[in-house]
Amino acid sequence: MNRILLAAALFLAPALALADADPRFAKLRDEAEPLGGLGTFLDKFVGACDGPFVDSQCKANAEAFRKKYQGKRLYMIVTEDDASMLTPGPYSLGTGEYSINITPFFPGGSSALTHGAPKKTDGNGNPILPYLTVTGDMPAGWNLQMFNRLFSTRSVRAQIVFTPQSVWTLPKKGGGKSHGVTARIEAIFITEGRSGQAMGLWLHGKDAKKR
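The sequence shown maps to residues 721 to 931 in our numbering.
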């Protein structure tokens with residue numbers, strides 16, 4: 721049994737080392753509370769309390785939930801299938817440096833988590849938010865086609881540390897309102913999903929590579 725456990729530990733060690741490649745992110749992650757499901761969290765934080773069949777305690781419950789989590793550091797993983805907010809940015813042929821654009825809009829349930837509060841929507845009624853951008857150097861053996869393919873085949877994931885702050889609302893196209901949760905995103909660690917290869921880190925408001 722001990723040999724089996726040792727073999728398993730040796731197998732996992734490279735992946736864990738890659739996931740913890742930047743100790744600055746690992747420290748924030750380890751100090752945060754893991755989030756079970758973003759959709760459930762957002763629905764409780766926003767408090768969908770309209771309609772004839774809503775519990776009479778809905779607003780009070782939402783207020784209590786917000787009070788519990790406002791200012792608390794949380795951690796979540798956006799898996800490869802859900803990481804549509806990550807897109808490839810410009811690439812320098814001369815230096816081999818690439819960039820990744822992050823739209824800080826993370827949908828879940830009937831609303832979304834955002835970095836800051838959106839002020840307006842586009843023609844389709846989607847909230848408009850400025851990109852966050854991280855950069856990295858192309859690993860040995862990679863090329864631009866391989867890099868772009870990671871995004872087209874949904875092979876990139878993100879780990880996020882954030883602190884929820886308040887609820888935002890915007891008019892919805894066709895009537896009604898859309899809701900979301902404003903957060904202070906402290907760190908976004910982007911990796912290649914299968915191997916755990918680090919691809920970029922956004923930390924405390926900046927691209928960590930440029931700090």
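Glycine included, C-beta positions come from ideal geometry on N, C-alpha and C.
Keep in mind the model is a prediction, meaning the values are calculated, not measured.
Count the other CB atoms within 10 Å of the CB of residue i; is the residue buried (16 or more) or exposed (fewer)?
i: P891; result: exposed
i: R877; result: buried
i: L923; result: buried
i: S831; result: buried
i: L806; result: buried
i: R932; result: This structure gives no information on residue 932, because the portion of the chain shown stretches from 721 to 931.
i: G767; result: buried
Please determine, among the options, the residue with the shortest C-alpha to C-alpha distance to residue i.
i: G791; options: R904, I820, A832 and F825; result: R904
i: P850; options: N821, F765 and P859; result: N821
i: R874; options: F765, E751 and D802; result: D802
i: G895; options: G845, A746, A832 and K788; result: G845
i: A897; options: A918, K840 and D857; result: Per the sequence shown, the amino acid found at residue 897 is Lys instead of Ala. Ranking A918, K840 and D857 by Cα distance to K897 puts K840 first.
i: Y934; options: Y811, G900 and E753; result: Residue 934 falls outside the range modelled here, since the chain spans only 721 to 931, and no answer is possible.
i: F867; options: S819, V901 and P824; result: S819
i: Y795; options: K930, R931 and I908; result: I908
i: G757; options: S872, L833 and Q777; result: L833
i: T855; options: R931, L755, Q777 and D775; result: R931
Give the straight-line distance between the Cα atoms of residue i and residue j, rounded to the nearest whole angstrom.
i: H835; j: V881; result: 11 angstroms
i: G920; j: E817; result: 11 angstroms
i: Q885; j: E906; result: 13 angstroms
i: W888; j: P838; result: 8 angstroms
i: A780; j: D857; result: 49 angstroms
i: A784; j: S776; result: 14 angstroms
i: L755; j: K747; result: 16 angstroms
i: S915; j: R869; result: 15 angstroms
i: S872; j: T823; result: 16 angstroms
i: W862; j: S804; result: 22 angstroms
Taking Cβ to Cβ, would you say residue i is nearer than 8 angstroms to residue j?
i: E800; j: G913; result: yes
i: T853; j: G814; result: no
i: D742; j: A860; result: no
i: R786; j: T883; result: no
i: V901; j: F745; result: no
Can you give me the Cβ contacts of residue i inside the same chain, cut-off strictly under 7 angstroms, excluding the 5 residues immediately before and after it?
i: G829; result: G759, T760, L762 and D763
i: V798; result: F826, R877, A878 and I880
i: I848; result: P838, K840, T841 and D842
i: C778; result: G767 and C769
With a threshold of 8 angstroms on Cβ separation, who are the neighbours of residue i within its own chain once the five nearest residues in sequence on each side are excluded?
i: E751; result: R793
i: A782; result: K764, F765, V766, G767 and C769
Once the 5 residues before and after residue i are set aside, which same chain residues still bring their CB inside 6 angstroms of it?
i: Y811; result: Y818 and L864
i: K663; result: Given that the chain is displayed from residue 721 to residue 931, the structure contains no residue 663 and the question cannot be resolved.
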